[in-house]
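Encoded as structure tokens, the structure appears first; notes follow it.
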Amino acid sequence: MTSTVPRAAESPRSPRSNVPEFSSDTAKKNLKAKRQHGFIRIVSKFVEAEGTLHLQIIEVRELKPHGRKTASNPYVKCYLLPDSGKKSKRKTKLLSQTLNPVWDEDLHWRLESRVDERNLQISVWDKATKELLGRTTIPMADALAGIDGWLELFDIERGKHDFRVVKIPAVDTFVALYDHTPGCAKEMLLRAGDMLLRVNKDPSKEWTLVENCVTGCQGFVPTSFIAASASLESHAWFFGKIARSKAEKFLNDPRCHHGSFLIRESESSPGQYSLSLRDGDTVRHYRVENYEGGLYKLQGSPTQKFASLPELIAFHGQRKAGLATALREPCPKESAPMASDLTFDTHDQWEVPRTSIKLGKLLGTGQYGEVYSGIFQDSTKVAVKTLKAASANPKDFLAEATIMKKLRHLNIVSLLAVCSVGSPILIIVELLSKGSLLDFLRSDDAKELRIPNLVDMGAQVAAGMAYLESMKFIHRDLAARNVLVGDNNVCKVSDFGLAKLVDSDKGVFKPDEAQQFPVRWTAPEAMAKNRYTIKSDVWSFGVLMMELLTYGTKPYEGMKNKEVVQKLAEGYRMPSPRGCPEGLYKIMMDCWKTNPDERPTFESLVFILEDFFTSGNHNYADPSLLSDEA
Numbered sequence: 001m002t003s004t005v006p007r008a009a010e011s012p013r014s015p016r017s018n019v020p021e022f023s024s025d026t027a028k029k030n031l032k033a034k035r036q037h038g039f040i041r042i043v044s045k046f047v048e049a050e051g052t053l054h055l056q057i058i059e060v061r062e063l064k065p066h067g068r069k070t071a072s073n074p075y076v077k078c079y080l081l082p083d084s085g086k087k088s089k090r091k092t093k094l095l096s097q098t099l100n101p102v103w104d105e106d107l108h109w110r111l112e113s114r115v116d117e118r119n120l121q122i123s124v125w126d127k128a129t130k131e132l133l134g135r136t137t138i139p140m141a142d143a144l145a146g147i148d149g150w151l152e153l154f155d156i157e158r159g160k161h162d163f164r165v166v167k168i169p170a171v172d173t174f175v176a177l178y179d180h181t182p183g184c185a186k187e188m189l190l191r192a193g194d195m196l197l198r199v200n201k202d203p204s205k206e207w208t209l210v211e212n213c214v215t216g217c218q219g220f221v222p223t224s225f226i227a228a229s230a231s232l233e234s235h236a237w238f239f240g241k242i243a244r245s246k247a248e249k250f251l252n253d254p255r256c257h258h259g260s261f262l263i264r265e266s267e268s269s270p271g272q273y274s275l276s277l278r279d280g281d282t283v284r285h286y287r288v289e290n291y292e293g294g295l296y297k298l299q300g301s302p303t304q305k306f307a308s309l310p311e312l313i314a315f316h317g318q319r320k321a322g323l324a325t326a327l328r329e330p331c332p333k334e335s336a337p338m339a340s341d342l343t344f345d346t347h348d349q350w351e352v353p354r355t356s357i358k359l360g361k362l363l364g365t366g367q368y369g370e371v372y373s374g375i376f377q378d379s380t381k382v383a384v385k386t387l388k389a390a391s392a393n394p395k396d397f398l399a400e401a402t403i404m405k406k407l408r409h410l411n412i413v414s415l416l417a418v419c420s421v422g423s424p425i426l427i428i429v430e431l432l433s434k435g436s437l438l439d440f441l442r443s444d445d446a447k448e449l450r451i452p453n454l455v456d457m458g459a460q461v462a463a464g465m466a467y468l469e470s471m472k473f474i475h476r477d478l479a480a481r482n483v484l485v486g487d488n489n490v491c492k493v494s495d496f497g498l499a500k501l502v503d504s505d506k507g508v509f510k511p512d513e514a515q516q517f518p519v520r521w522t523a524p525e526a527m528a529k530n531r532y533t534i535k536s537d538v539w540s541f542g543v544l545m546m547e548l549l550t551y552g553t554k555p556y557e558g559m560k561n562k563e564v565v566q567k568l569a570e571g572y573r574m575p576s577p578r579g580c581p582e583g584l585y586k587i588m589m590d591c592w593k594t595n596p597d598e599r600p601t602f603e604s605l606v607f608i609l610e611d612f613f614t615s616g617n618h619n620y621a622d623p624s625l626l627s628d629e630a
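Using the numbering used here, read the sequence shown as starting at 1 and increasing by one per residue.
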């Protein structure tokens with residue numbers, strides 16, 4: 001779960017302290033000079049109208065329990081001192097087995113008129129051992145003035161009178177976009193919003209060595225999980241190059257509410273941006289105009305020009321200024337991208353020890369054997385494909401791994417590792433939570449899906465296939481059973497047991513005459529002439545769209561395979577499913593054209609399907625036509 005807490009670097013005011021602030025460089029040196037007790041992230045705020053001091057306990061990092069303990073059962077206890085009767089005691093809930101606890105709890109006190117002489121003491125305790133893990137004491141004047149940042153935790157004596165605010169460097173920092181749990185000793189814990197310094201890049205470019213600006217700890221993290229703090233990518237509201245239809249999909253997510261928003265970059269015109277805003281049950285779109293000198297303004301808005309997009313967003317977060325509503329909260333992003341490797345240790349090797357994999361329940365049966373859920377090194381959930389004895393040559397099985405190693409795309413299942421030493425041979429791939437698309441379509445969960453949801457899933461499959469097309473691969477077994485579904489209904493093309501790299505000039509693959517093929521999904525020319533091209537996959541995609549629109553009904557239901565072949569040769573095509581829009585059925589019919597050259601490309605299918613329900617520019621709003629109510 002990603003954090004929505006504002007980053008320390010974005011604090012509206014700098015905390016005051018009687019103790020000199022220290023930089024991350026100094027903190028790093030201090031690690032060797034004295035015992036480290038960890039760091040605590042807090043926000044203090046005095047609400048004058050209520051006479052109440054609010055203290056938000058967000059999280060703690062790098063706790064160091066005594067002895068050789070690798071975890072603790074921490075909780076936070078706070079007092080307003082002096083307090084002989086302990087009436088001011090407040091504490092958080094107890095957490096278990098962690099050295100990096102997250103609470104995000106609000107503690108508060110109604111203050112008397114005279115509090116200047118008091119102090120706010122914050123202590124972290126281990127419930128099991130009754131051990132004080134760290135402490136800091138804040139003068140009341142500082143707590144009332146407001147603190148938003150990280151404080152160092154001290155030992156029992158120093159913690160009675162000291163507090164020290166960690167100073168985040170103002171430039172050359174990076175921010176964590178997602179949480180990351182270390183998979184090996186060389187990796188480092190990340191939580192969304194962490195401020196980092198980049199030490200250097202690993203040659204693989206998939207991993208980056210960073211230093212936490214607060215704790216001084218160093219370790220490798222996935223490069224795709226961080227962004228320069230001065231970049232647009234570092235902001236939760238920036239979604240990069242996505243289509244308008246995808247913005248609407250994100251903003252119609254149940255997690256979004258009135259006022260949720262995002263900024264997206266034009267796919268066709270780099271440097272051009274649009275604001276997409278949830279207005280009740282509607283999504284409105286506003287173009288952002290660019291002016292000389294790097295200034296920005298919403299098209300038609302009566303406001304002044306802004307020096308940056310963050311300034312524009314901040315302004316419209318306070319005032320509608322022509323928008324349907326003020327900007328309230330960034331649209332939640334989908335789950336973190338899959339790291340390209342299981343761990344940093346495996347980034348330059350595909351072979352992993354068999355002992356590092358624990359098999360779970362059987363998920364299904366593939367062309368070569370079974371597919372199981374699994375756990376890698378007791379921490380990472382994976383899917384494991386096994387080679388069934390005598391079902392295929394081990395070289396053929398490993399050839400599938402060789403193919404998958406070359407493929408990296410959001411809508412393609414990622415290969416993570418292999419176990420080729422011993423028996424059975426294992427291929428380790430990412431695990432998707434909802435299983436195959438076919439099983440998902442036939443489940444109760446799919447009953448909530450409407451045609452726009454189904455079309456979006458088809459567009460995702462087309463995007464994965466367009467990537468295969470660009471890499472000059474053909475799949476040869478594209479069907480709902482060979483597409484996997486994850487959280488937020490993300491679809492990924494899988495099962496590359498029949499996939500082949502085609503001749504770069506002719507784009508044709510001719511398999512062994514004895515090799516079987518799935519009749520109901522295979523193009524007529526592939527069955528008749530044993531010739532496969534990417535356009536053969538386009539035919540199969542049309543059948544997959546029929547599976548989507550019929551919630552997993554078997555294609556050509558009621559016919560035997562021999563009858564299917566004969567009917568197709570006579571020009572028969574499956575009829576339009578009930579409730580299917582005419583334009584959508586036309587797409588399927590285009591995929592089933594007899595002449596392969598007349599079938600669409602996957603690239604064009606992505607374009608058509610992504611914009612199927614949002615074609616045209618009519619839904620770009622003009623702020624000048626909307627009122628700006630207070």
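Beta carbons are placed, not taken as given, at the ideal position from N, Cα and C, and that holds for glycine.
None of these values were measured; they are calculated from a predicted model.
Proximity of residue i and residue j at Cβ, strictly below 8 Å
| i | j | result |
| --- | --- | --- |
| M588 | G542 | yes |
| V166 | V124 | no |
| A459 | F602 | no |
| K93 | Y79 | no |
| F612 | V455 | yes |
| T173 | S229 | yes |
| L53 | W109 | yes |
| V429 | L415 | yes |
| K381 | L431 | yes |
| L63 | L133 | yes |
| T533 | I474 | yes |
| F225 | H180 | yes |
| V199 | E211 | yes |
| C184 | T365 | no |
| H258 | F154 | no |
| A417 | T346 | yes |
| P633 | L468 | Missing from the structure shown is residue 633; the chain here goes from 1 to 630 and no further. |
| L363 | I425 | no |
| M465 | D537 | yes |
| G240 | E265 | yes |
| A243 | E267 | yes |
| A71 | L107 | no |
Per DSSP, cross-strand counterpart(s) of residue i
| i | result |
| --- | --- |
| H54 | K45 and H108 |
| C419 | L426 |
| V519 | In DSSP, V519 forms no bridge with anything. |
| S274 | R264 and R287 |
| L359 | G374 |
| Y79 | Q121 |
| Y296 | N290 and F306 |
Distance between beta carbons of residue j and residue i, contact taken as under 8 Å
| i | j | result |
| --- | --- | --- |
| I40 | T136 | 7 Å |
| N453 | S335 | That belief does not hold up - the Cβ atoms of N453 and S335 are roughly 18 Å apart, past 8 Å. |
| L609 | C580 | Contact flag wrong, Cβ pair sits at about 13 Å. |
| K385 | G360 | Wrong, their Cβ atoms sit about 13 Å apart, outside the cutoff. |
| F306 | L295 | 7 Å |
| A192 | L177 | 6 Å |
| L327 | Y273 | Rounded, the Cβ-Cβ distance is 14 Å, inconsistent with contact. |
Identity of the residue in the options nearest residue i by Cα
| i | options | result |
| --- | --- | --- |
| V490 | S433, A466 and R578 | S433 |
| W150 | D194, E598 and A247 | D194 |
| V60 | L410, R110, A228 and L190 | L190 |
| S269 | T522, L327, E289 and C419 | E289 |
| A399 | T346, G51, K241 and D495 | D495 |
| R164 | Y178, A176, I147 and L177 | I147 |
| D162 | G183, L177, Q121 and L197 | Q121 |
| D590 | P581, W539 and A141 | W539 |
| I375 | L387, T355, G369 and K388 | T355 |
| L478 | S423, G159, V519 and Q349 | V519 |
| M140 | A128, R158 and L111 | L111 |
| V47 | I263, A143, K91 and A528 | A143 |
Does the count of Cβ pairs from the segment 435-451 and the segment 481-495 closer than 8 Å reach three?
-> Contact holds between the segment 435-451 and the segment 481-495, because three or more Cβ pairs, one in each stretch, are under 8 Å apart.
Do the segment 170-189 and the segment 217-231 touch if we need at least three Cβ pairs shorter than 8 Å?
-> Because the criterion of three Cβ pairs below 8 Å is met, the segment 170-189 and the segment 217-231 touch.
So, do the segment 564-579 and the segment 532-550 have three or more beta carbon pairs nearer to each other than 8 Å?
-> Touching, yes, given that three or more Cβ pairs across the two stretches are closer than 8 Å.
Contact between the segment 251-267 and the segment 290-301: three or more CB pairs below 8 Å?
-> Counting Cβ pairs under 8 Å, fewer than three are found: no touch.
The segment 323-331 touching the segment 235-243, judged by at least three CB pairs closer than 8 Å | At 8 Å Cβ cutoff, the stretches touch.
Counting pairs of Cβ atoms below 8 Å between the segment 550-566 and the segment 595-610, do you hit three or more?
-> Taking 8 Å as the limit for Cβ pairs, the verdict is that the segment 595-610 does not touch the segment 550-566.
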